[in-house]
Amino acid sequence: MRRVVLACVFVFATNPGWGGAPIKAFEPGKPPPAEVLKDVPVKAVVAEFLDPDNTHLGKEVGYVLWRELLTSVSDQHGVGVIYAHAAGKKRLVDMLQDKYHEAALEIAKSQNARMAIWGALTESDGVLAVDTYLSLVGDVPQQELAVKMIVDDFGRKKPSGYEARVSRTRFNFPRVFITKEQLFDRPLMVAADTVLYNTAGRGKVLRQAQYNETLHTDGVEGEWFRVLLADGTHGYINSINVYLPPREVDASDLPLGAKPAENQEGETTWLPSNTIGAVLEARFAGKSGLFFRIKTSQGEGWVPADRARPHFSMPLVAFTAGLYRYQLGRYDLAASAFGNYTHLQGVERDAPSLSTAYQLLAASYLMRNTPADWALHSLDAAIETTPFDAGAYSMRALASLSKPEGRVGDCLGDLRHALDLDSEQADARNTVALLLGIKPGRPNPIEQRGMSFTMTARDVETLHMMAEKYRISAK
């Protein structure tokens with residue numbers, strides 16, 4: 239019988255308690271399984287990686303990505319990641335063949351997930367070539383990923399009607415070339431008290447593994463991470479009980495502490511810019527959150543995970559971490575994640591995803607009321623990366639309007655450019671329609687609620703020419 243199982247876990251912020259969920263079956267062409275993690279608002283489904291060359295690593299790479307994604311959002315309430323894979327030794331490539339993408343979306347929809355993630359891998363001379371993909375599922379993520387101009391109406395926050403959103407819903411991330419050692423040989427952190435077995439799939443109990451303990455893994459067999467023991471032998475721990483920290487972090491300009499604690503006066507060394515540290519250990523330090531012990535040219539010590547830029551195995555992890563945070567309204571953290579993505583090596587090879595990251599970085603700045611110049615700088619980078627993306631121009635127009643005492647004339651060039659590229663670009667049309675409703679010489683509809691636009695007679699003339707050309711009516 240063909241089936242895909244869903245292995246599920248719920249992550250709690252800075253408190254790695256885990257909510258278990260039963261394995262569910264998915265059979266293509268039959269009713270989907272009951273939804274799991276029903277109370278989790280933002281979920282993603284990771285599908286087993288396709289393995290057309292029969293490397294026998296499709297499941298294992300999927301498990302690594304699953305655990306890295308969970309680690310990347312381990313500080314967030316309200317997020318979940320579901321891993322869907324074929325039962326036993328069966329492979330999704332054999333079961334689904336050319337229906338793979340549709341099946342991944344169907345699984346995500348059945349679980350009310352907002353994101354579907356999948357990939358494929360091949361191997362040559364011990365090096366894996368890994369492709370990763372992400373699709374936004376349904377209308378909700380597109381709405382929640384919008385940047386919306388909010389006004390203060392006598393202490394009450396209200397939408398102004400001005401908004402912009404990214405135009406892409408499917409992403410093809412840069413191919414990653416990575417050795418098995420780079421992928422599997424690394425530290426892992428025990429997320430909940432469990433046991434180590436002598437074989438994958440349980441067997442003899444070797445010893446207890448304690449929460450917050452760091453072990454070293456050098457391989458994955460199905461859902462089991464193989465760990466190296468003190469006596470040189472191996473044990474196995476179930477993947478559901480581990481976090482998988484990044485192999486490296488960018489720790490530029492961070493304090494390197496002797497202990498994993500937020501305040502370490504007199505015990506810290508400040509790291510210089512461009513400091514890359516190899517992660518040796520990970521640990522939760524109570525309310526201070528997650529810390530990494532790293533090795534750098536300045537020595538070894540602890541850095542706060544939420545301030546370091548993690549280098550996970552695949553750029554998709556940083557991008558997805560930003561999507562989670564933005565949809566939950568945690569714009570500071572979203573900005574950090576998207577900014578991290580734009581600095582990762584090789585991301586320039588996929589211009590559309592890089593441009594979208596710049597746009598979402600700008601949106602994060604705007605939504606957290608950061609000075610508009612920060613957003614404009616990111617949007618300049620987005621437009622330079624993909625100059626034919628109408629949505630990027632529409633968002634830059636909105637960023638111009640959001641500046642203190644914004645001038646309508648500053649945004650008209652971008653609105654015209656967006657509509658020249660795509661006359662049906664919804665956000666550009668909406669902005670023009672709203673601006674047409676402002677009467678010269680009178681307070682605009684939102685001026686008395688915390689924002690005001692300066693509009694000249696020439697601006698009015700330009701707006702009416704655009705309205706006639708693109709058949710836009712005032713709102």
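Note that the numbering used here has the sequence shown beginning at 239, numbered continuously upward. The C-beta atom is built at its ideal place from N, Cα and C for all residues, glycine as well.
Neighbourhood of residue i by C-beta distance below 6 angstroms, restricted to the same chain and skipping five residues each side
i: I621; result: A630
i: A601; result: V385
i: A666; result: S632, L653, A656, L657
i: P548; result: P484, V487
i: T293; result: E361
Residue i beta carbon near the ligand GTP (any heavy atom closer than 7 angstroms)
i: L566; result: In terms of ligand content, the structure shown is empty, and the ligand GTP therefore cannot be addressed.
Top-ranked residue by Cα proximity to residue i, from the options
i: D313; options: R568, R634, T624; result: R568
i: T417; options: Q448, N410, A367, V385; result: A367
i: D289; options: A342, Y708, L359, G316; result: L359
i: L434; options: R403, Y400, N476; result: N476
i: F550; options: P425, R352, E538; result: P425
i: R709; options: Q663, T694, F691; result: Q663
i: L208; options: D660, N450, D658, C649; result: Given a span of 239 to 713 for the chain in the structure shown, any question on residue 208 remains unanswerable.
i: A282; options: W304, G296, E298; result: W304
i: L421; options: D570, F463, A572, A346; result: F463
i: M353; options: D363, T513, V317; result: V317
i: L518; options: G527, P548, H454, Y481; result: H454
i: A635; options: S661, F626, Y449, V670; result: V670
i: A516; options: L528, F522, K497, V541; result: V541
i: I532; options: H702, L492, N668, V389; result: L492
i: D431; options: E419, A438, Y449, T437; result: Y449
i: Y338; options: F287, G651, P625; result: F287
i: D277; options: A351, S398, A341; result: A351
i: Q583; options: A556, K396, S574; result: A556
i: W508; options: L528, G527, G539, R521; result: G539
Straight-line gap, residue i to residue j (C-alpha atoms, nearest Å)
i: L372; j: V284; result: 9 angstroms
i: A705; j: S711; result: 7 angstroms
i: V311; j: L554; result: 13 angstroms
i: N349; j: R408; result: It should be noted that the sequence gives Gln, not Asn, for residue 349. Each residue's alpha carbon lies about 19 angstroms from the other.
i: R645; j: D544; result: 37 angstroms
i: T692; j: H323; result: 56 angstroms
i: G300; j: I478; result: 13 angstroms
i: E401; j: G560; result: 19 angstroms
i: E451; j: A613; result: 41 angstroms
i: L639; j: G296; result: 48 angstroms
i: T513; j: D697; result: 49 angstroms
i: K641; j: L653; result: 16 angstroms
i: E486; j: G577; result: 17 angstroms
i: M552; j: T506; result: 31 angstroms
i: G376; j: E459; result: 34 angstroms
i: V302; j: M387; result: 39 angstroms
i: D423; j: R394; result: 52 angstroms
i: D363; j: F415; result: 11 angstroms
i: L466; j: G457; result: 9 angstroms
i: H702; j: L674; result: 7 angstroms
i: T558; j: L307; result: 8 angstroms
i: A610; j: A572; result: 17 angstroms
i: L599; j: S616; result: 7 angstroms
i: V280; j: Q597; result: 21 angstroms
i: E419; j: E298; result: 13 angstroms
i: A263; j: I320; result: In this prediction, A263 scores a pLDDT of 44, lower than 50, which makes its location untrustworthy; the coordinate-derived value is nonetheless stated afterwards. Spanning the two alpha carbons is a distance of roughly 13 angstroms.
i: A429; j: Y474; result: 15 angstroms
i: A628; j: S661; result: 9 angstroms
i: P510; j: F522; result: 25 angstroms
i: G527; j: L494; result: 15 angstroms
Burial state of residue i (16 or more Cβ within 10 Å)
i: V365; result: exposed
i: K525; result: exposed
i: M633; result: buried
i: E699; result: exposed
i: R440; result: exposed
i: Q446; result: exposed
i: C470; result: Here residue 470 is Gly; the residue named in the question, Cys, does not match the sequence. Counting Cβ neighbours within 10 Å, G470 comes out exposed, since fewer than 16 surround it.
i: T694; result: exposed
i: M605; result: buried
i: E685; result: Any reading at E685 must be qualified, since the residue scores a pLDDT of 47, below 50, and its modelled position is unreliable; the value itself is stated next. E685 comes out exposed.
i: W356; result: buried
i: A468; result: exposed
Sequence-distant residues of the same chain with beta carbon closer than 7 angstroms to residue i, five excluded per side
i: L592; result: T580, V585, E586, T623
i: D291; result: T360, E361
i: T608; result: none
i: V443; result: V433, Y435
i: R406; result: P590, T594
i: D618; result: none
i: T309; result: Y481, L482, P483
i: A546; result: V487, D488, A489, L492, F530
Chain D contact for residue i (CB, 8 angstroms cutoff)
i: L482; result: Going by chain labels, chain D is absent from the structure shown, which holds only one protein chain.
Contacting residues, own chain, Cβ-Cβ under 8 angstroms from residue i (five flanking each side not counted)
i: R413; result: A367, V368, D369, R587
i: F626; result: L659
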